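Engineer: I have a structure here, written as structure tokens, and I will follow up with some questions on it.
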Amino acid sequence: MDCIFCKIANEEIPSKIAYEDDKVLAFYDISPKAPTHILIIPKTHISSALEIDSNNADIVAHIFVVAAQIAAKENIARDGYRIITNIGKNGGQTVSHLHFHIVGGETLGDFA
Ligand code: AMP
Ligand code: ZN
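Here the sequence shown is numbered in my numbering, starting from 991 and rising by one per residue.
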């Protein structure tokens, strides 16, 4: 499958890794929108959060555990940060492999 994030997970495309285990990879966004901008992906291909069901939902819990650890390590936990997943065209998703943005390090614009 021609998926850029699968290639990053397989290390066919290099990335700056923030965290890795057997299930997930976290790496620095190539075009950061805030002082800290990290993406967390499952190593197995899931197209978006729309594809989460009872068979694969465990990975989302694991990603949130990892996200909290990364936020602490990156020193953005105390002042707060945001976890975002874009879904589909209207959601602004440009890479069709489930990913959670961790953004922080400054006051983020109001959204919701
Ligand atoms: P989204 O718009 O939610 O699909 O987010 C995709 C994100 O992937 C964007 O923030 C891009 O800057 C980022 N991105 C795309 N290619 C790479 C890459 N090779 N390494 C790191 N981040 C990337
Ligand atoms: Zn993929």
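Backbone N, C-alpha and C define an ideal beta-carbon position, used for all residues, glycine too. Remember, predicted model here, so these are calculated numbers, not experimental data.
Using the Cα positions of Tyr1071 and Thr1026, report the straight-line distance between them to the nearest angstrom.
Structural biologist: Answer to the nearest angstrom: the Cα atoms are 9 Å apart.
Engineer: Between the stretch 1082 to 1095 and the stretch 994 to 1004, do at least 3 Cβ pairs fall closer than 8 Å?
Structural biologist: These segments touch.
Engineer: If you draw a straight line from the C-alpha of Ile1003 to the C-alpha of Ile994, how long is it?
Structural biologist: Rounded to whole angstroms, Ile1003 to Ile994 spans 8 Å at the Cα level.
Engineer: Where do the ends of the beta strand (DSSP E) carrying Gly1094 lie?
Structural biologist: Gly1094 -> beta strand (DSSP E) spans 1090 to 1094.
Engineer: Restricting to Cα atoms, I'd like to know which of Ser1005, Ile1073, Ile1077 is closest to Ala1024.
Structural biologist: Of Ser1005, Ile1073, Ile1077, the residue nearest in Cα terms is Ile1073.
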